[in-house]
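Going down the list, the sequences are from chains A and B. The first sequence runs 868 to 1104 under the numbering used here. The second sequence runs 868 to 1104 under the numbering used here. All C-beta atoms in this analysis are idealised placements derived from N, C-alpha and C, irrespective of residue type, glycine included. As the structure is a prediction and not an experimental result, all values here were calculated from the model. Comments concern the structure below.
2 protein chains.
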Amino acid sequence: VLPGESTIYLGDTARVPYGPKSEETVRRYALQAAEFLVGRGIQALVIACNTATAHAYTTLADALDIPVLGVVDPGAREAAETSPTGVIGVIGTRGTIESGTYDRAIRSFRADADVRSRACPLFVSLAEEGWVSGDVAELTARTYLEDLVEAGIDTLVLGCTHLKPLLGRVVGEGVRIVDSADATARATSWIVAPADPGSGPPTREYYVTDDPRRFEELAGRFLGASIEHLGHVEIDG
Amino acid sequence: VLPGESTIYLGDTARVPYGPKSEETVRRYALQAAEFLVGRGIQALVIACNTATAHAYTTLADALDIPVLGVVDPGAREAAETSPTGVIGVIGTRGTIESGTYDRAIRSFRADADVRSRACPLFVSLAEEGWVSGDVAELTARTYLEDLVEAGIDTLVLGCTHLKPLLGRVVGEGVRIVDSADATARATSWIVAPADPGSGPPTREYYVTDDPRRFEELAGRFLGASIEHLGHVEIDG
């Protein structure tokens, strides 16, 4: 969406997943991550994690002097504005769903929305295992989504995006899929000033808090491309 | 196994799972955890985690002045000594299996053992979701164990114990299950001096690094009993 911009990515791979962790712990970890990125000179911060957005968005937006964008509002808004009937499903980690953040965000854009949420903690593990299709993934998705489909949702917001093609098949063609990652990327273009055309080609830097080699494998699978500028950092303590 | 002994348990719930993390990170976390427990006056340490044992046993045994027991050797020894044919299966997290620790340990007790290993990272997530039986768990178990059963294992060492009843059904009656947790509890009795009969009833203290409430739910499910003396501690930094 912003091909001219440079990006600096930090994955807190030594402490993921954030999904099952408490609000207080996630907020502490998110502040440490943001401090590292601000120290690298970023002009805007995207909290590219639903759990961290749910638990730490307000804290980070208050603490930092740069624009901060969470991953919840863009998807919530797209779903609220495009759902024909207002019956909207939301799936995500336990932390995201139990916080009620999507529910509140969708109803802030559409007061009469009927939001049906379901925590789907196994999807992250399935994606990391590479089981993004096949019998186990499909049966897991059907088990999780059964109640939402029966409730008549016409739109499903993906708070976790790793299994998108499979989830589309499971809910069927009548249900629109809103990918919070896509919606957030588009929203980022509203808060970032265009890159100076004379500033040279953009760079993509990646940092992780655990061993970079394992990340390199996963990144290849998720991004469909190999990554350059990959480094290890410690952000705790 | 040691009903008269007091225990102090530390769960690093803010940073679990250790399974997918690198050796260096797991070693750093395990040292922080051991320092906390030694500070509480323990007389022996059980590393009750296969990944931490695989990556950090030697480091902890060298660093501490008290007996240290990992969870790998007891199960490996029981399997090596009781397997009729020596064709032994091992399952565990990615870290446990990729380290080759069980393979080496089993062959140290029985040089001609034919060890077949399989990383099963989804089992932890299934157990935490409470899906310890049912279609998804069973299909996942069959997918993971297919090759081991076909290889003719007569003994299966559980490096992760949460799905024991299900795994027993999946491998069938011809395969002995060795639970590394049970074997470790028995081995602990060799390294701990009997409690002084005059020292009063034993205590069971639990500490976690994330919010204790979530742990209380899971502990109830796993232990089949509610827990007393539960506290929150921070061990990083």
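Run through chain A and tell me which residues come within less than 8 Å of residue 1006 of chain B, C-beta to C-beta. Start at 1 with the first residue of the second sequence, and residue 1006 of chain B comes out as number 139. Per Cβ cutoff of 8 Å: 1002, 1003, 1006.
Within-8 Å CB hit, residue 892 of chain A to chain B: Sequence index remark: in the first sequence, residue 892 of chain A carries index 25 (1-based). Answer yes: the Cβ-Cβ gap between residue 892 of chain A and chain B drops below 8 Å somewhere.
Give the C-beta separation of residue 1031 of chain B and residue 1044 of chain B to the nearest angstrom, bearing in mind that I take them to be a contact with Cβ-Cβ under 8 Å. Along the second sequence, one-based indexing puts residue 1031 of chain B at 164. Along the second sequence, one-based indexing puts residue 1044 of chain B at 177. With a Cβ gap of about 7 Å, residue 1031 of chain B and residue 1044 of chain B count as contacting.
For residue 950 of chain A, which residues of its own chain have a beta-carbon under 8 Å away from its beta-carbon, when the five flanking residues on both sides are left out? By 1-based counting over the first sequence, the position of residue 950 of chain A is 83. Around residue 950 of chain A: 977, 980, 1021, 1022, 1043.
Rounded C-alpha distance that separates residue 1069 of chain A from residue 1095 of chain A: The sequence position of residue 1069 of chain A within the first sequence is 202, counting from 1. The sequence position of residue 1095 of chain A within the first sequence is 228, counting from 1. Approximately 12 Å between the Cα atoms of the pair.
If residue 917 of chain B and residue 1026 of chain B are in contact, beta carbons under 8 Å, what's the gap, nearest whole angstrom? As a working mapping, residue 917 of chain B is identified with position 50 in the second sequence. As a working mapping, residue 1026 of chain B is identified with position 159 in the second sequence. That belief holds up - the Cβ atoms of residue 917 of chain B and residue 1026 of chain B are roughly 4 Å apart, short of 8 Å.
Between the beta-carbon of residue 933 of chain B and the beta-carbon of residue 915 of chain B, is there less than 8 Å? For the purposes of this step, residue 933 of chain B is taken as residue 66 along the second sequence, with counting starting at 1. For the purposes of this step, residue 915 of chain B is taken as residue 48 along the second sequence, with counting starting at 1. No, they are not a contact pair.
Using a beta-carbon distance below 8 Å, is residue 881 of chain B in contact with chain A? As a first step, residue 881 of chain B must be located in the second sequence, where it is residue number 14. True, the Cβ-Cβ gap to chain A drops below 8 Å.
Ends of the alpha helix (DSSP H) at residue 1096 of chain A? On the first sequence, residue 1096 of chain A is found 229 positions in, with the first residue counted as 1. Note, residue 1096 of chain A: premise wrong, no alpha helix (DSSP H); not H, not E.
Could you name the residues of the region 1005 to 1034 of chain B whose beta carbon sits closer than 7 Å to any beta carbon of chain A, in the order they occur along the chain? 1006, 1007, 1010
Can you list, in chain order, the residues of its chain whose CB lies under 7 Å from that of residue 999 of chain A, leaving out five sequence neighbours each side? Counted from its first residue, the first sequence places residue 999 of chain A at position 132. Counting only Cβ-Cβ distances below 7 Å, and skipping sequence neighbours, we find 993, 1029, 1030, 1033.
Interface residues of chain A around residue 1036 of chain B at Cβ under 9 Å? On the second sequence, position 169 is the one that residue 1036 of chain B refers to. Near residue 1036 of chain B there are no residues of chain A at all, since even the closest Cβ is about 17 Å away, more than 9 Å.
Suppose the cutoff is 6 Å on Cβ atoms and the five residues either side in sequence are ignored; what does the same chain contact list for residue 964 of chain B look like? Translated into the one-based positions of the second sequence, residue 964 of chain B becomes position 97. Once the five neighbours on either side are set aside, the close Cβ partners of residue 964 of chain B are 984, 986.
Measure the C-alpha to C-alpha separation of residue 1013 of chain B and residue 989 of chain B and round it to an integer number of angstroms. The residue labelled residue 1013 of chain B in the question sits at position 146 within the second sequence. The residue labelled residue 989 of chain B in the question sits at position 122 within the second sequence. Approximately 15 Å between the Cα atoms of the pair.
Residues that residue 992 of chain A contacts on chain B, provided the C-beta gap is smaller than 7 Å: What you label residue 992 of chain A is simply residue 125 of the first sequence in a count that begins at 1. Neighbours of residue 992 of chain A on chain B, chain order: 988, 989, 992.
Taking buried to mean at least 16 other C-beta atoms within 10 Å of its own C-beta, is residue 1038 of chain B buried or exposed? Stepping through the second sequence from its first residue, residue 1038 of chain B is reached at position 171. Classification of residue 1038 of chain B: buried, given that the 10 Å Cβ count is 16 or more.
For residue 1081 of chain A, go through chain B and note every residue whose CB falls closer than 8 Å to its CB, in chain order. On the first sequence, position 214 is the one that residue 1081 of chain A refers to. Neighbours of residue 1081 of chain A on chain B, chain order: 887, 889.
Quick check: residue 919 of chain B and residue 935 of chain B, are their CB atoms within less than 8 Å of each other? By one-based count along the second sequence, residue 919 of chain B stands at place 52. By one-based count along the second sequence, residue 935 of chain B stands at place 68. No, the Cβ-Cβ distance between residue 919 of chain B and residue 935 of chain B is not below 8 Å.
Straight-line gap, residue 969 of chain A to residue 982 of chain A (C-alpha atoms, nearest Å): Within the first sequence, the letter at position 102 stands for residue 969 of chain A. Within the first sequence, the letter at position 115 stands for residue 982 of chain A. When rounded, the distance between both Cα atoms is 9 Å.
Cβ shell of residue 926 of chain B (< 6 Å), same chain only, five flanking positions each side left out: In the second sequence, counting from the first residue as 1, residue 926 of chain B sits at position 59. Counting only Cβ-Cβ distances below 6 Å, and skipping sequence neighbours, we find 894.
Spatial neighbours of residue 1052 of chain A in its chain, beta-carbon cut-off 6 Å, leaving aside the 5 residues before and after: As a working note, residue 1052 of chain A is residue 185 in the first sequence. These residues qualify, in order along the chain: 868.
Using the beta-carbon of each residue, which ones in chain A are nearer than 8 Å to residue 995 of chain B? Sequence index remark: in the second sequence, residue 995 of chain B carries index 128 (1-based). Per Cβ cutoff of 8 Å: 887, 988.
Excluding five sequence neighbours on each side, which residues of the same chain lie with their C-beta closer than 6 Å to the C-beta of residue 1098 of chain A? Here residue 1098 of chain A corresponds to residue number 231 of the first sequence, with the count starting at 1. Around residue 1098 of chain A: 1074.
With a cut-off of 8 Å, does the C-beta of residue 1106 of chain A fall near any C-beta of chain B? A query on residue 1106 of chain A cannot be resolved here, the shown segment of chain A reaching from 868 to 1104 and no further.
Shortest alpha-carbon distance to residue 1049 of chain B belongs to which of B/905, B/937, B/1036, B/1041? In the second sequence, counting from the first residue as 1, residue 1049 of chain B sits at position 182. Closest by alpha carbon: B/937.
Which class does residue 882 of chain B belong to by DSSP, given the choice of helix, strand or coil? For this step, residue 882 of chain B is matched to residue 15 along the second sequence. Here residue 882 of chain B sits in coil by DSSP.
Who does residue 986 of chain A pair with in a DSSP beta bridge? Along the first sequence, one-based indexing puts residue 986 of chain A at 119. Paired residue(s): A/959.
Segments of 4+ residues assigned as alpha helix (DSSP H) that fall wholly inside the region 967 to 1033 of chain B: 968 to 976, 989 to 996, 1002 to 1017
Going by DSSP, which residues form a beta bridge with residue 877 of chain A? As a working mapping, residue 877 of chain A is identified with position 10 in the first sequence. Per DSSP, A/1074.
Going along chain A, which residues have a C-beta under 9 Å from residue 1078 of chain B? Walking along the second sequence from the start, residue 1078 of chain B turns up at place 211. Correct list: 888, 889, 890, 891, 892.
Contact defined as beta carbons within less than 8 Å: I believe residue 886 of chain A pairs with residue 971 of chain A. What is the distance between those atoms, to the nearest angstrom? The count along the first sequence starts at 1 and reaches residue 886 of chain A at position 19. The count along the first sequence starts at 1 and reaches residue 971 of chain A at position 104. Actually they are not in contact, since the Cβ atoms of residue 886 of chain A and residue 971 of chain A sit about 19 Å apart, beyond 8 Å.
With DSSP as the reference, identify every bridge partner of residue 1046 of chain B, one or two as the case may be. Reading the second sequence from its first residue, position 179 is the one you call residue 1046 of chain B. Answer by DSSP bridge pairing, in chain order: B/1025.
How many angstroms separate the CA atom of residue 1084 of chain B from the CA atom of residue 908 of chain A? Translated into positions along the second sequence, residue 1084 of chain B becomes position 217. Translated into positions along the first sequence, residue 908 of chain A becomes position 41. Cα-Cα distance, rounded: 42 Å.
Using CA coordinates, which residue listed in B/898, B/1077, B/941, B/1054 is at the minimum distance from residue 929 of chain B? The count along the second sequence starts at 1 and reaches residue 929 of chain B at position 62. Nearest C-alpha to residue 929 of chain B: B/898.
Tell me which residue opens and which closes the alpha helix (DSSP H) that residue 869 of chain B is part of. Your numbering for residue 869 of chain B matches position 2 in the second sequence. Here residue 869 of chain B belongs to no alpha helix (DSSP H), and DSSP marks it neither H nor E.
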